[in-house]
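Participant: Sharing a structure with you now.
2 protein chains.
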Amino acid sequence: MFGVTILGNNSALPAYDRHPTAQVVTLDQFQFLIDCGEGTQMQLSRYKIRRSRINHIFISHLHGDHYFGLPGLITSMGLLNRENDLHLHAPAPLKPILDLVLQAADTRLPYTVHFHALDTEGVIVDDAKFSVECFKVFHRIECWGFVFREKKPLRKIDKEKIGQYKIPSAAFDLIKMGEDFITNKGERIANEDLTIANTPPRSYAYCADTMYHETIAEKAKEVTVLYHETTYLHELEERAFSRFHSTTVQAAQIAIKANAKRLLIGHFSSKYEQLDEFLEETSVVFPETELALEGVTYRVL
Amino acid sequence: MFGVTILGNNSALPAYDRHPTAQVVTLDQFQFLIDCGEGTQMQLSRYKIRRSRINHIFISHLHGDHYFGLPGLITSMGLLNRENDLHLHAPAPLKPILDLVLQAADTRLPYTVHFHALDTEGVIVDDAKFSVECFKVFHRIECWGFVFREKKPLRKIDKEKIGQYKIPSAAFDLIKMGEDFITNKGERIANEDLTIANTPPRSYAYCADTMYHETIAEKAKEVTVLYHETTYLHELEERAFSRFHSTTVQAAQIAIKANAKRLLIGHFSSKYEQLDEFLEETSVVFPETELALEGVTYRVL
């Protein structure tokens, strides 16, 4: 399972029961929280997502609608007697804020928070099965996007070839990793004649609050699902630019340039009660678009 | 109109769609926010309370369930182009936290926040028609209660006596304030023979998170409505003591000692899904008790 569950899809002012930004990425047994707007802990309860499984939280930037739920979540995890370490990836100025908040409450958490300040683009989490990269996006203050990638899976050995070339099981691992095989007779069998490709690795790119900028398409190149903000409809392109946000058409253009398979749009301005036009405008340019709706899990495939 | 609207009645961990602490006191055209747990701005919208009318916010203490909604509310007031000054009465360590939060977001509010650090018991807001006092309660960290009092209203002049003693209108104000009247013939007429008492002033005392402590009854002496926390049922008195909280029976005892007219109880632990027993246990000791339920406005009379 690789998917993303939307907990908040609204821009700064909560409205129409839409909440500030938060998303949970599920990758097999792992869960990651991206951004943590006010009320995220309530949204986690509402959609029955266990906070105990979240070991990494990624904060894109320090506008309140992306992290004002974090002190409450961290505190509640403590009240629920969490023991596992929590890794927090965020802009550096968040650290002294959290330190002061915990100090003012005289709170000693029963678990360890590892604060990782975002400072250089590249891999920030590297697991056997997946990696997470951060990259810069273009907002009024320092702001980051994140790409979650499955690692390239091992190739599968064609079972018929095992008997045919008398391949010992000790050689399986190297062959899966792409090595050729040398038979008893000294004959080299090319790896592609022994193995079948596995499903290609999937990826999810989250582009937080940002103005339209083509380098984002480079960072999100070939992703399976691209989340791009669309704070405004196309007609407010100038307002979007002046506030370092994007429109429907701009998000679609990034999806095309990135050659993304699917596009998810969100961070809707409180000006708009209805969201239909967001989908219509974006789909005209990039048909494989979906609205990021709260409580819905979008599969990454 | 003098009343209190409950926005959050739960203790630290939000549960069962109960929210962390926040209350709005309405006193004629004035509205005051007491505490501001996470999600308060959404609760204000849900119950259609206009944030623009709130000019004073009182924060009892710096446990997150009493103020983690404040940065979001202050920021949203700015996004809504608030112009009126906002007065914030809170423990001193809140100031550097808010400063850092606004600085990290590069936010310049379009209105002025006056921060008033709570440090001495007594009157903190003094208006022609009402006053607000703060007093210390007994929690694990510095914690304050607040009393909202109508000012003693002027006495009413008995209309029959105006003709009888030929009282000129120029003398009315002094008589309403309690002065005697001297007639043309030099005769002194006692004030109580000229005037009728107005309705007695009403008051609301908010006792934030606190363990049982009799001095609270002194501070809330003779109040019309007393809000006292009841985090736990009676059987958990020891746990209440160890965590600096109170039980049903303890809140009722404070109401009796204070000679309060009515008691409102809240800050229920997330252990309890049903609240009936809170009302039952408290009412046995102090019959004029009500549960503080979210969305409900309790009249102070």
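These protein sequence lines are chains A and B, in that order.
Counting in the numbering used here, the first sequence runs from 27 upward without gaps.
Counting in the numbering used here, the second sequence runs from 27 upward without gaps.
Cβ coordinates follow ideal geometry from the N, Cα and C atoms, glycine included.
Taking contact to mean at least 3 C-beta pairs separated by less than 8 Å, is the segment 170–178 of chain A in contact with the segment 48–60 of chain A?
Facilitator: Flag = yes, the segment 170–178 of chain A and the segment 48–60 of chain A touch.
Participant: Please name the residue or residues paired with C160 (chain B) in a DSSP beta bridge.
Facilitator: Beta-bridge pairing links C160 (chain B) to B:G148, B:F172.
Participant: Can you give me, in chain order, the residues of the segment 67–82 of chain B that have a beta carbon less than 8 Å from any beta carbon in chain A?
Facilitator: For the segment 67–82 of chain B, which is checked against every Cβ of chain A, the residues closer than 8 Å are Q67, M68, S71.
Participant: Report, in whole angstroms, the separation of the C-beta atoms of A318 (chain B) and I32 (chain B), which I expect to be a contact under 8 Å.
Facilitator: Between I32 (chain B) and A318 (chain B) the Cβ distance is about 5 Å, and since that is below 8 Å, they are a contact.
Participant: What are the residues that DSSP puts in a beta bridge with E316 (chain A)?
Facilitator: In DSSP, E316 (chain A) forms a bridge with A:L290.
Participant: Quick one: residues in its chain with C-beta nearer than 6 Å to the C-beta of F270 (chain A), no 5 flanking neighbours on either side, listed in chain order?
Facilitator: If we look at F270 (chain A) and ignore the five residues flanking it on each side, its Cβ neighbours are H165, R166, M237.
Participant: By DSSP's criteria, S229 (chain A) is part of a beta bridge. Which residues make up the other side?
Facilitator: Paired residues: A:R175.
Participant: By the criterion of Cβ-Cβ separation under 7 Å, what are the contact partners of R166 (chain A) in chain B?
Facilitator: Residues of chain B passing the Cβ test: D132.
Participant: Do we get a CB-CB distance below 9 Å when we pair V127 (chain B) with the residues of chain A?
Facilitator: True, the Cβ-Cβ gap to chain A drops below 9 Å.
Participant: Return the CA-CA distance between T138 (chain B) and L112 (chain B), expressed in angstroms with no decimal places.
Facilitator: Using only the alpha carbons, I get a separation of about 6 Å.
Participant: Contact criterion: CB-CB distance below 9 Å. Does A101 (chain B) meet it with respect to chain A?
Facilitator: This sequence places Thr at residue 101 (chain B); Ala is not what is there. Answer yes: the Cβ-Cβ gap between T101 (chain B) and chain A drops below 9 Å somewhere.
Participant: Going by DSSP, what residues sit across from F56 (chain B) in a beta bridge?
Facilitator: According to DSSP, F56 (chain B) bridges with B:L53.
Participant: Any contact between the segment 89–105 of chain A and the segment 61–70 of chain A? By contact I mean 3 or more CB pairs, one from each, below 8 Å.
Facilitator: Touching, per the Cβ criterion.
Participant: Verify the CB distance criterion: does I60 (chain A) have a CB-CB separation below 9 Å to chain B?
Facilitator: Chain B, which has no Cβ nearer than 9 Å to the Cβ of I60 (chain A), makes this no.
Participant: Expressed to the nearest angstrom, what Euclidean distance is found between the alpha-carbon atoms of H142 (chain B) and A38 (chain A)?
Facilitator: So the alpha carbons of these two residues sit roughly 27 Å apart.
Participant: Let me check understanding here. Comparing Cα to Cα, which of B:L144, B:I201, B:T225, B:E205 lies closest to K178 (chain B)?
Facilitator: Here the closest residue by C-alpha is B:T225.
Participant: Specify the secondary structure class of A143 (chain A) as computed by DSSP and reduced to three states.
Facilitator: A143 (chain A) falls in the strand class under three-state DSSP.
Participant: So, with DSSP's three-state summary, where would you put A223 (chain A)?
Facilitator: Coil at A223 (chain A), not helix or strand.
Participant: Based on the DSSP output, what are the partners of T323 (chain B) in its beta bridges?
Facilitator: Answer is B:T31, bridged to T323 (chain B).
Participant: Would you mind telling me which residues of chain A sit closer than 8 Å to P119 (chain B), beta carbon to beta carbon, in chain order?
Facilitator: Neighbours of P119 (chain B) on chain A, chain order: L126, Q129, A130.
Participant: With which residues is T273 (chain A) paired in a DSSP beta bridge?
Facilitator: The partner list for T273 (chain A) (beta bridge, DSSP) reads A:Y258.
Participant: What three-state label does DSSP hand Y191 (chain A) in the structure shown?
Facilitator: Of the three classes helix, strand and coil, the one that applies to Y191 (chain A) here is helix, per DSSP.
Participant: CA-CA distance, E71 (chain B) and T47 (chain B)?
Facilitator: It is Ser, not Glu, that sits at residue 71 (chain B) in the sequence shown. Going from the Cα of S71 (chain B) to the Cα of T47 (chain B) covers about 16 Å.
Participant: Do you know offhand how far Y324 (chain B)'s Cα is from L262 (chain B)'s?
Facilitator: For Y324 (chain B) and L262 (chain B), the distance between alpha carbons rounds to 28 Å.
Participant: Quick one: does P136 (chain A) have its CB under 9 Å from some CB of chain B?
Facilitator: Not one chain B Cβ lies under 9 Å of P136 (chain A).
Participant: Determine the direct distance from the alpha carbon of E240 (chain A) to that of A278 (chain A), and round the result to whole angstroms.
Facilitator: Distance between the alpha carbons of A278 (chain A) and E240 (chain A) is about 12 Å.
Participant: Which residues, in order along the segment 269–280 of chain B, keep a beta-carbon less than 9 Å from a beta-carbon of chain A?
Facilitator: Answer in chain order: no residues at all.
Participant: Compare the beta carbon distance of H254 (chain A) and I222 (chain A) with 9 Å and say whether it is the shorter of the two.
Facilitator: No; because the gap between Cβ atoms is not below 9 Å, this pair is not in contact.
Participant: Distance, Cα to Cα, K283 (chain B) vs E213 (chain B)?
Facilitator: Rounded to the nearest angstrom, the two C-alpha atoms are 45 Å apart.
Participant: Report the option in A:I188, A:A231, A:C233, A:E244 whose CA atom is closest to the CA atom of L220 (chain A).
Facilitator: Minimum Cα distance to L220 (chain A) is reached at A:I188.
Participant: Terminal residues of the continuous alpha helix (DSSP H) containing F198 (chain A)?
Facilitator: Here the alpha helix (DSSP H) through F198 (chain A) covers 198–202.
Participant: Does DSSP put L180 (chain B) in a helix, a strand or coil?
Facilitator: Coil, per DSSP.
Participant: According to DSSP, I215 (chain A) sits in a beta bridge with which residue or residues?
Facilitator: Its beta-bridge partners are A:F207.
Participant: So Q69 (chain B) packs on H45 (chain B), CB below 8 Å; how close in whole Å?
Facilitator: At roughly 6 Å, the Cβ-Cβ gap stays under 8 Å, so Q69 (chain B) and H45 (chain B) are in contact.
Participant: Would you grab the beta carbon distance between A197 (chain A) and H87 (chain A) for me? Rounded to a whole angstrom, and I think it's under 8 Å.
Facilitator: Rounded, the Cβ-Cβ distance is 49 Å, inconsistent with contact.
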